[in-house]
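Worksheet: one structure, shown below.
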Amino acid sequence: MAAQALGVTGTWGEGEVTSGVDNMTNSLWERARAVMPGKQSNVRRGAQGNPLFFTASQGARYFDFAGQDYIDFVGGMGPAIWGHSKEEYLEAIKSQLETLFSIPSTIAQTEAEVLLAEKIVEHVPCAEWVRFAISGSEAVQLAMRIARGYSGRRYVLRFHKHYHGWIDGVSGGDLPVGASDLPVPVPSATDSSGIAKHAHADSLMVQWNDLRALEDTLKKHSAEIAVVLMEPVMLNFGCCPPREGYLTAVRQLCDQYGVLLCFDEVFTGFRMSLGGAQEAFGVTPDLVVLAKAIAGGMPLAAVAGRREIMQVLRDDSVLVGGTFNSFPLSIAAALKNIELLERDNGAFYRRIDAIQEKLVQGIYDIGREFGQSFLLQGPRGVVHLNFVSGTDVVYAPNELLEKANWERLAKFNELLLSERVLVGGGSRFVLTDALSDDDIVDALNRIRSATLRLSEAVK
Ligand code: PMP
Numbered sequence: 000m001a002a003q004a005l006g007v008t009g010t011w012g013e014g015e016v017t018s019g020v021d022n023m024t025n026s027l028w029e030r031a032r033a034v035m036p037g038k039q040s041n042v043r044r045g046a047q048g049n050p051l052f053f054t055a056s057q058g059a060r061y062f063d064f065a066g067q068d069y070i071d072f073v074g075g076m077g078p079a080i081w082g083h084s085k086e087e088y089l090e091a092i093k094s095q096l097e098t099l100f101s102i103p104s105t106i107a108q109t110e111a112e113v114l115l116a117e118k119i120v121e122h123v124p125c126a127e128w129v130r131f132a133i134s135g136s137e138a139v140q141l142a143m144r145i146a147r148g149y150s151g152r153r154y155v156l157r158f159h160k161h162y163h164g165w166i167d168g169v170s171g172g173d174l175p176v177g178a179s180d181l182p183v184p185v186p187s188a189t190d191s192s193g194i195a196k197h198a199h200a201d202s203l204m205v206q207w208n209d210l211r212a213l214e215d216t217l218k219k220h221s222a223e224i225a226v227v228l229m230e231p232v233m234l235n236f237g238c239c240p241p242r243e244g245y246l247t248a249v250r251q252l253c254d255q256y257g258v259l260l261c262f263d264e265v266f267t268g269f270r271m272s273l274g275g276a277q278e279a280f281g282v283t284p285d286l287v288v289l290a291k292a293i294a295g296g297m298p299l300a301a302v303a304g305r306r307e308i309m310q311v312l313r314d315d316s317v318l319v320g321g322t323f324n325s326f327p328l329s330i331a332a333a334l335k336n337i338e339l340l341e342r343d344n345g346a347f348y349r350r351i352d353a354i355q356e357k358l359v360q361g362i363y364d365i366g367r368e369f370g371q372s373f374l375l376q377g378p379r380g381v382v383h384l385n386f387v388s389g390t391d392v393v394y395a396p397n398e399l400l401e402k403a404n405w406e407r408l409a410k411f412n413e414l415l416l417s418e419r420v421l422v423g424g425g426s427r428f429v430l431t432d433a434l435s436d437d438d439i440v441d442a443l444n445r446i447r448s449a450t451l452r453l454s455e456a457v458k
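Okay, so the sequence shown: first residue is 0 according to numbering that gives the first Met the number 0, each after it adds one.
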């Protein structure tokens with residue numbers, strides 16, 4: 000049920016085009032189906048509908064072959080926090096392109112790379128040394144290798160439904176059943192096939208926001224745990240927030256039991272604040288993984304942390320490659336991105352707060368008008384919509400799995416798509432600087448139409 004609700008079912012290659020698809024889109028789809036298994040990522044497909052091919056983007060909108068506009072609440076899956084046509088940002092990439100666009104990452108460096116590392120060290124509390132990568136998934140692998148290399152220990156302790164990329168060791172797995180002495184994740188109904196059989200043998204998994212579960216495991220197994228790895232806010236599942244004091248207590252437990260703490264800030268980094276969730280919550284991990292918003296739309300990731308831990312890269316005891324690790328266009332984009340984020344004392348963040356407030360209030364008003372029990376939650380810059388009654392906050396995935404009306408959400412996501420409102424998998428709205436007041440009014444009108452249609456379809 001949950002898999003369906005999250006929009007992870009459906010077969011791209013066999014879906015029916017319902018109606019209203021222009022000829023160019025139809026023929027491209029036919030050609031695509033002849034040479035590709037699907038769209039280029041299928042971890043979370045989001046709503047299923049007619050094939051979508053975009054031809055252009057402007058501000059907070061995409062355009063298709065028929066010239067129809069789509070209001071963008073996905074932001075390129077999170078990175079494109081300026082929207083699609085911020086001139087100053089694009090100029091920085093173009094000018095880098097004209098000067099130096101490719102560099103061999105094992106042989107030479109650029110000044111821009113040093114400047115960027117300095118900026119990360121300035122803003123991100125745990126960052127003393129920085130290593131760049133390109134995608135969030137590989138940067139998570141890098142962080143785990145650093146933690147294992149540094150500690151000489153085996154296990155990565157992760158949390159139910161936290162997402163750390165698609166690579167075997169962190170992809171999927173379910174909570175161990177009962178009070179398992181050694182809580183190794185068990186297979187989940189929604190796991191990908193093709194994952195190496197023993198890929199999860201070096202992971203432990205407990206429920207997030209549950210201090211006792213963490214403490215029990217640390218008490219028994221800390222001598223074998225290399226790192227506790229978590230999203231500081233569960234942006235990949237309902238945007239569940241940490242309970243009051245939870246992150247601080249996790250930090251204390253990690254200190255008490257001598258285990259490293261790594262925040263996967265691929266989504267929260269530079270989005271919640273220049274210093275990410277760790278700055279916003281005042282809790283400093285030992286390591287951090289950054290990606291998405293770090294470069295404002297270009298591909299870039301980083302692992303940063305305490306010097307003593309990152310030393311394993313300097314002394315070459317931990318080896319990590321990556322052809323594109325210092326890709327100049329991405330580094331230039333990140334430098335401009337951070338300069339823009341710093342500008343006018345964080346005006347970007349105030350603007351995102353204002354946009355978010357308008358959107359959230361507007362959707363709640365629509366919910367009241369049509370008697371739909373929307374629950375919207377999320378930190379600055381991203382908000383998840385679910386259908387849940389009787390509570391204004393959900394802290395854990397199990398609670399959400401149990402309480403949310405997933406069928407209704409799946410239907411609503413389809414309707415949003417047909418109204419040309421683009422949201423991420425599971426109804427996740429990413430806010431970008433490009434969203435104008437008019438965009439929000441337009442988006443709310445479309446969301447209202449989708450809600451009206453939903454109310455007529457499911458009484
Ligand atoms: N960690 C988190 C918290 C993420 O949100 C994501 C991407 N959604 C990843 C890791 C993987 O990043 P990428 O898609 O760049 O590989």
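Ideal placement from N, C-alpha and C gives every residue a C-beta, glycine not left out.
Which same chain residues end up closer than 7 Å to residue i when comparing Cβ atoms and leaving out the 5 residues on each side of it in sequence?
| i | result |
| --- | --- |
| L340 | F269, L273, F347 |
| V7 | Here V7 scores only 41 on pLDDT, less than 50, and its place in the model is too uncertain to base an answer on. |
| G148 | V311, S316, V317 |
| A200 | V183 |
| V457 | R407, K410 |
| A331 | A91, I92, Q95, A111 |
| R367 | none |
Looking at C-alpha atoms only, which residue of the options is the closest neighbour of residue i?
| i | options | result |
| --- | --- | --- |
| L259 | E307, D21, L99 | E307 |
| R350 | I439, E264, A333 | I439 |
| W28 | A276, L51, Y154 | L51 |
| N336 | Q371, T283, K402, I293 | I293 |
| Q57 | G74, G48, N41, A46 | G74 |
| R250 | L228, Q360, E368, V393 | L228 |
| G444 | E398, E278, L358 | A small correction: the amino acid at residue 444 is Asn; Gly does not occupy that position in the sequence shown. Of the listed residues, the one whose Cα sits closest to N444 is L358. |
| L141 | K160, V169, L115, R427 | V169 |
| H159 | G320, L399, V429, Q67 | L399 |
| V232 | N208, K458, D215, S221 | N208 |
| E455 | I102, G425, V429, K410 | K410 |
| A395 | E230, G321, F262 | E230 |
| A146 | V392, S26, A332, L286 | L286 |
| S136 | G424, A332, L289, R32 | L289 |
| E223 | P36, A111, S150, D215 | S150 |
| T322 | T247, C253, A107, H220 | A107 |
| L217 | H83, E87, L252 | L252 |
| V422 | L384, T109, K402, D437 | L384 |
Does the Cβ of residue i have 16 or more other Cβ atoms within 10 Å, making it buried, or fewer, making it exposed?
| i | result |
| --- | --- |
| L375 | buried |
| I466 | No answer is possible for residue 466: it lies beyond the span of the chain, which begins at 0 and ends at 458. |
| T105 | exposed |
| V34 | exposed |
| F53 | exposed |
| A300 | buried |
| D71 | buried |
| G177 | exposed |
| H291 | This sequence places Lys at residue 291; His is not what is there. Classification of K291: buried, given that the 10 Å Cβ count is 16 or more. |
| N344 | exposed |
| N41 | exposed |
| V392 | exposed |
| A55 | exposed |
| P327 | buried |
| G425 | buried |
| P378 | buried |
Ignore the nearest five residues each way along the sequence and tell me which others in residue i's own chain have a CB closer than 6 Å to its CB.
| i | result |
| --- | --- |
| G19 | none |
| P298 | I133, S329 |
| Y162 | N235 |
| V185 | D173, P175 |
| A333 | L115, I293, A294, L299 |
| V302 | R130, A138, L141, A142, V288 |
Take residue i and list the residues in its own chain whose beta-carbon comes closer than 8 Å to its own, dropping the five residues that flank it on each side.
| i | result |
| --- | --- |
| N324 | S104, R130, F131, A132, I133 |
| I446 | G361, I362, I365, L415, E418, V420 |
| D441 | I70 |
| V382 | C238, Q355, L358, V359, L375, Q376, R427, F428, L430 |
| D68 | R60, Y61, F62, R419 |
| Q277 | V123, P124, C125, P231, F262, E264, T283, P284, V287 |
Could you give the C-beta distance for residue i and residue j, rounded to a whole number, given that I count them as a contact under 8 Å?
| i | j | result |
| --- | --- | --- |
| A212 | R153 | The Cβ separation is near 19 Å, so there is no contact. |
| E264 | G275 | 4 Å |
| S202 | R157 | 6 Å |
| N397 | F386 | 17 Å between Cβ atoms; not a contact. |
On the three-pair Cβ rule with 8 Å, is the region 429-442 touching the region 71-79?
In this structure the region 429-442 touches the region 71-79; the number of beta carbon pairs closer than 8 Å is three or more.
Determine, using beta-carbon pairs with one atom in the region 437-451 and one in the region 98-111, whether at least three such pairs fall under 8 Å.
Short answer: they don't touch.
Do the region 124-138 and the region 303-318 meet, that is, are 3 or more Cβ pairs less than 8 Å apart?
Cβ pair count under 8 Å is three or more, so yes.
Answer yes if the region 228-242 comes into contact with the region 270-289, meaning at least three C-beta pairs across the two stretches below 8 Å, and no otherwise.
Contact annotation: the region 270-289 touches the region 228-242, with at least three C-beta pairs closer than 8 Å.
Any chance the region 363-373 sits against the region 412-430, with 3 or more Cβ pairs inside 8 Å?
Contact fails: fewer than three Cβ-Cβ distances are below 8 Å.
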